[in-house]
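Only one structure is covered here, and it is reproduced in the block below.
Protein chains: 2
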Amino acid sequence: MTVKVLALNPAPKRPRGRPPKTAEQRDDGNRRRDLVRAAAKLFRQHGYDATTTRDIAAAVGMQSGSPFYHFGSKADLLVAVMEDGMRDGLARVQATAQQVQDQSAARQLRALVRTHLDVLWGPGSDFIPVMLQEWRVLKPTQTKGINALKDAYEGHWTPLLQSLKAQGRLRGDVGLVRLFLFGALNWTIKWFDARGSASLDELADAVMVMWLHDEPEPETGGGQDGTV
Amino acid sequence: MTVKVLALNPAPKRPRGRPPKTAEQRDDGNRRRDLVRAAAKLFRQHGYDATTTRDIAAAVGMQSGSPFYHFGSKADLLVAVMEDGMRDGLARVQATAQQVQDQSAARQLRALVRTHLDVLWGPGSDFIPVMLQEWRVLKPTQTKGINALKDAYEGHWTPLLQSLKAQGRLRGDVGLVRLFLFGALNWTIKWFDARGSASLDELADAVMVMWLHDEPEPETGGGQDGTV
DNA sequence: CCTACCGATCGGTAGG
DNA sequence: CCTACCGATCGGTAGG
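So the sequence lines, in the order shown, correspond to chains A and B. Numbering-wise, the numbering used here puts 9 at position 9 of the first sequence, and it's gapless, one number per residue. Numbering-wise, the numbering used here puts 1227 at position 227 of the second sequence, and it's gapless, one number per residue.
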């Protein structure tokens, strides 16, 4: 049995003050999530500035002032969208990295690329596109926490790119490779149509074909990996 | 002597109503350009929505309502920024393409890439970044003319990419290659710092190193490149 | 979380 | 191109 022993938290065993509406209680934590989800969708469709807090409220059946019961400002809502998105994206990348850790570096990269495309385009993923497109509306103080998540996200890629470069299958400065690779993938939010002709798998394949160079031939007869 | 014989225009030989300030007269056509330039700069810095028509007016020393003497709406100003930017960008790409037409396909591509980076990052080039970032605020009817310019711009790339693919130096579907290549380059508007460590030349070199594959070896025995 | 509301801002216009 | 202004919208708040 794991028992939470967080020193803070005044042990809210029994409800205080608020009438015991169990149905509403159950929703309670979800209302905030509903707002974030609706905000993500609307921000993605129309942009942050063009979306009003009234739009977001209406999308979840609230009155115009009610979002401010959950969030201090419209910008805080945007921060929440980005943070939730990055937290989820990071989890997905971590899961993928673990699943494929025993495979070849090339296969690992393909898996990460595919996961990244899914983070951008999979069902219910408006969060990261919003982050990518609306990054500049936030001030540095507001993006501190998100930056930490982004660093962790990118951290999963660098060693892989380095090992592929060591194998001669990737060329150029690894830092630039990563930036250009993310650029190529992230830019899909400007042109890719999920209902269109190409699939995410085809996109991932194309990336690999374009970027991965042939394995250098072994020097001597029996060399197995390129070096030795 | 070229004499304007435009049937319309009631021949404004002598100034009517307005006092004959010749200096102001000389600026007349430039005021509009001033507005477009100021708009580009401000749109780039703060985004379209966050920039007010008052900001733009102030930037060129006008009163708040005066931009609407030159432009019907704020959106029209954005259209003008994009159109001017694309017209200039297209001219630059055309000039480059002509200058290097006798060089190898690889050199031609490198030249185009470098020019594109200059369109994005050279002095006074806020126009295209604005276009790339604010594309979605315009309705399809407003982007018709710009789309034609974009098609022409991209038209300069496709045959080159095709010939590089035929040489085996570029891999994957040419359409996707172009999209991913533009993506990688355009995404620099999100991270590149013109005052930073890397130069535009280094960026262009990195792109070539990453994307271009080794030339396939000749079929017959005397292989000259990687083998023997 | 709703009701009722404020204060500021902003695109745009009439009229010269 | 300026003066003076309108009308609407919008983020946010008090008070329950």
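Note that CB positions come from ideal geometry on N, CA and C, so glycine has one too.
Start and end residues, alpha helix (DSSP H) containing residue i
| i | result |
| --- | --- |
| B:P1067 | P1067 to H1070 |
| B:D1076 | K1074 to Q1099 |
| B:A1166 | T1158 to A1166 |
| A:G183 | V174 to N186 |
| B:Q1108 | A1105 to W1121 |
| A:D55 | T53 to A59 |
Assigned secondary structure, residue i (DSSP; H/G/I helix, E/B strand, else coil)
| i | result |
| --- | --- |
| A:M208 | helix |
| A:Y48 | coil |
| B:E1217 | coil |
| A:A194 | coil |
| A:D151 | helix |
| A:K139 | coil |
| A:L170 | coil |
| B:M1131 | helix |
| B:G1029 | helix |
| A:G145 | helix |
| A:P34 | The question names Pro, but residue 34 of chain A in the sequence shown is Asp. If DSSP states are grouped into helix, strand and coil, A:D34 belongs with the helices. |
| A:D201 | helix |
| B:K1041 | helix |
Any C-beta of chain B under 8 angstroms from that of residue i
| i | result |
| --- | --- |
| A:L179 | yes |
| A:R157 | Here residue 157 of chain A turns out to be Trp, not Arg, going by the sequence shown. No, A:W157 lies away from the interface with chain B (no Cβ there is under 8 angstroms from its Cβ). |
| A:G47 | yes |
| A:L176 | yes |
| A:H213 | yes |
| A:W187 | yes |
| A:W121 | no |
| A:D173 | yes |
| A:V60 | no |
| A:V93 | no |
Residue i beta carbon near the ligand FAD (any heavy atom closer than 7 angstroms)
| i | result |
| --- | --- |
| B:L1179 | As far as ligands go, the structure on display features none, and thus does not contain the ligand FAD. |
Any C-beta of chain A under 8 angstroms from that of residue i
| i | result |
| --- | --- |
| B:T1053 | no |
| B:A1105 | no |
| B:N1030 | no |
| B:G1183 | yes |
| B:R1114 | no |
| B:A1040 | no |
| B:R1169 | no |
Cβ-Cβ separation, residue j to residue i (assumed contact under 8 angstroms), whole Å
| i | j | result |
| --- | --- | --- |
| A:T158 | A:R178 | 6 angstroms |
| A:N186 | B:W1187 | 6 angstroms |
| A:Q142 | A:A75 | 6 angstroms |
| A:G89 | A:I128 | 6 angstroms |
| A:L230 | A:V93 | As displayed, chain A neither begins before 1 nor continues past 228, which places residue 230 of chain A out of reach and without an answer. |
| B:G1047 | A:R136 | 7 angstroms |
| A:L117 | A:L203 | 6 angstroms |
| B:F1043 | B:V1081 | 6 angstroms |
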